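One structure is given below, encoded as structure tokens.
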Amino acid sequence: MSWLSFTPAEGTTPATVRTWIDASELDVGEHSAQIFIEEPDSEYRAVVELTLHVDARRMMVSHTGVAFSAYPTAASRLSTSVAVVDSAALGLEWSASSNQDWLLAEPSDTAPGELELSADPAGLEPGKVHFGEVVVASDEPGVEDTEHIQVGLFVASADPPEVWDFELEVFEGGDSLKYVIDPVRPYVYLTSMDDAIRRFPLHPDLDDGQPTVFGDLGEQLGDLTISDDGSKLFVADVGSEKLLVLPLPDPDEPLQIWDGGWSRPTFVRTFGQELVFGDDNVAREAATGNPVLEDAYDDPSGENPVLFAPTRHGHLIFASDQVAVGSSGARSFHEYAFGYSELEGRAWFTLLDVLGDGAIRELLTNDRGDWVAAGDALYERQGDVLVELRSLGAGGCLRDVTPAGAWTHCSPTDLVRLYDPGGVKLAQYTVRTGRPVVARVSGDGTQLALLLRDSPDYHLSVMRLDLPDAE
């Protein structure tokens, strides 16, 4: 068998025979081989049966949703890079095309496997979001998947306000408020344990600067997650223990309703598969809700995970709660490589690393998984492991990551700090009123949506960020 090699070919007992697989020239499907072990001058003969499943070679882009913005004088964001990854890691030839004249897509001159996207707002109508699509394809034999990247360019008629506040109606305390940022459009989607989803614009040009309420959707809408391309919202209805799949940007009627006892859904995109993970230890296809992995992320040392941080290249990092779900936080975080076999119709995890000591209430990772911020420490990838890079100090809370990998850190008082991936402080912002509870960076990286507590009231405050990665 040309795809199977082993060593040694002879020897004395006890011994270990090591095997190697080279599937680069194999067709998709199932392949079998046998290794015969014989003892000279005797009739002893052992046969080792091997079966190799070869799945299709796949291409994947790191983002299928991209947000750009153009402001008259404030920092705009008109370019970004997207990684193009080959599941076989053999070096993939690909091409990209855009369906809009204002949207340019071309391979990077300096980074192999990087696609550079840029937008030109000249001549576009201000005060609205313009949409385009980039298609990434490969003509190499055996490569499946054509990737589609949805791009939104918001052309503003005026610079965003430095600070812009919305008062929030709270039904069951601040913990009931959950929200996500649209990766393509300048919107925030918020739930408050009632039957509605509230859409907040990040600029006064949109929706007359007012929130839009989409009601009568469920019983008690709680935690939510959003698809990578900004096309769907997955919302846990705590009252009915179901998951609502809603269209965007107008989540006015469920596309699907899934059973399963949902409370904390997480959208994950990997090679050949888009999944939604629930806290019932089941991973489901994002398109259908069909289970593909039972007992998805149990680990030997803890209970169900309480925090998720998916990366774009097939890894899932989660914190495992060894005590109880609640204010104690998790005690460790685990990195898993995720695999999915279309041929076998199953999925699996491989544990890569276990780190952390002490309470972990927040968990962040950048798209590539180069670093992880967990609890009070920042970890950097060195080879196949994550090594603690520096302490972040106690009492604060890690919150979100910008498109260029910078991350936010909220103090226990009234400060929000911005750090680069190495932990160097880039900027510091003072909140005018209230204490930061949650912070989310807009899809274009130019604004910060803060959930503020000014007891007993809560506000959604939008702050303008003049970041180094905005241009």
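Numbering of the sequence shown is given in this note's numbering, commencing with residue 4 and proceeding in unit increments.
Ideal Cβ placement from N, Cα and C applies to all residues, glycine included.
The model shown is predicted, which means the values in this text are computed figures rather than measured ones.
Cutting at 8 angstroms between CB atoms, please list the residues of its own chain near residue i, excluding the five before and the five after it.
i: PRO9; result: Here the sequence assigns Phe to residue 9, which means Pro is not the residue at that position. Counting only Cβ-Cβ distances below 8 angstroms, and skipping sequence neighbours, we find VAL20, ARG21, THR22, TRP23, ILE38.
i: PRO11; result: ALA18, VAL20
i: LEU53; result: LEU7, THR22, SER35, ALA36, GLN37, ILE38
i: GLU172; result: SER195
Strictly by DSSP, which residues pair up with residue i?
i: PRO294; result: ARG287
i: ARG188; result: The partner list for ARG188 (beta bridge, DSSP) is empty, contrary to what the question assumes.
i: GLU117; result: ALA86
i: ALA108; result: LEU120
i: ALA452; result: ARG443, VAL465
i: MET63; result: VAL88
i: VAL216; result: ARG201
i: VAL279; result: PHE270, ARG287
i: GLY14; result: DSSP, once it has assigned bridges, lists no residue as partnering GLY14.
i: PRO250; result: LYS235
i: VAL132; result: PHE157
i: VAL1; result: Given a span of 4 to 474 for the chain in the structure shown, any question on residue 1 remains unanswerable.
i: HIS151; result: VAL138
What residues in its chain sit with their C-beta under 6 angstroms from that of residue i, if we drop five residues either side in the sequence?
i: ASP168; result: HIS462, SER464
i: ARG438; result: ARG456
i: PRO1; result: Nothing about residue 1 can be reported from this structure: the residues present for the chain run from 4 to 474 only.
i: SER160; result: PRO129, GLY130, ASP208
i: ALA59; result: VAL31, GLU147
i: HIS206; result: ALA159, PRO163, PRO189
i: ASP460; result: none
i: GLY14; result: none
i: THR436; result: ASP457
i: LEU55; result: HIS34
i: VAL132; result: GLY155, PHE157, ARG188
Please say whether residue j and residue i have beta carbons closer to each other than 8 angstroms?
i: MET466; j: LEU451; result: yes
i: VAL85; j: SER65; result: yes
i: TRP265; j: LEU296; result: no
i: VAL183; j: THR228; result: yes
i: PHE217; j: PRO257; result: no
i: ASP198; j: ASP219; result: yes
i: GLU150; j: GLU96; result: no
i: ARG202; j: PRO186; result: no
i: SER27; j: ARG61; result: no
i: THR449; j: LEU418; result: no
i: LEU118; j: VAL87; result: yes
Ordered along the chain, which non-local residues of its own chain (more than five positions away) have a Cβ less than 7 angstroms from that of residue i?
i: SER243; result: GLY221, GLU222
i: LEU180; result: LEU171, VAL173, LEU193, SER195, LEU454, TYR461
i: GLY225; result: LYS181, THR194, MET196, ALA239, VAL241, SER266
i: GLN259; result: VAL248, GLY292
i: GLY212; result: PRO204
i: ALA289; result: SER230, PHE270, GLU277, LEU278, VAL279
i: LEU93; result: SER27
i: ASP25; result: TRP6
>> Three or more C-beta pairs under 8 angstroms: does that hold for the region 132-139 against the region 420-439?
In response: no
>> Check whether the region 39-48 and the region 61-73 touch, using three or more Cβ-Cβ pairs below 8 angstroms as the test.
In response: no
> Are the region 144-159 and the region 95-109 touching by the rule of at least three beta carbon pairs closer than 8 angstroms?
Replying inline: yes
> So does the region 248-263 actually touch the region 217-235, counting three or more Cβ pairs closer than 8 angstroms?
Replying inline: yes
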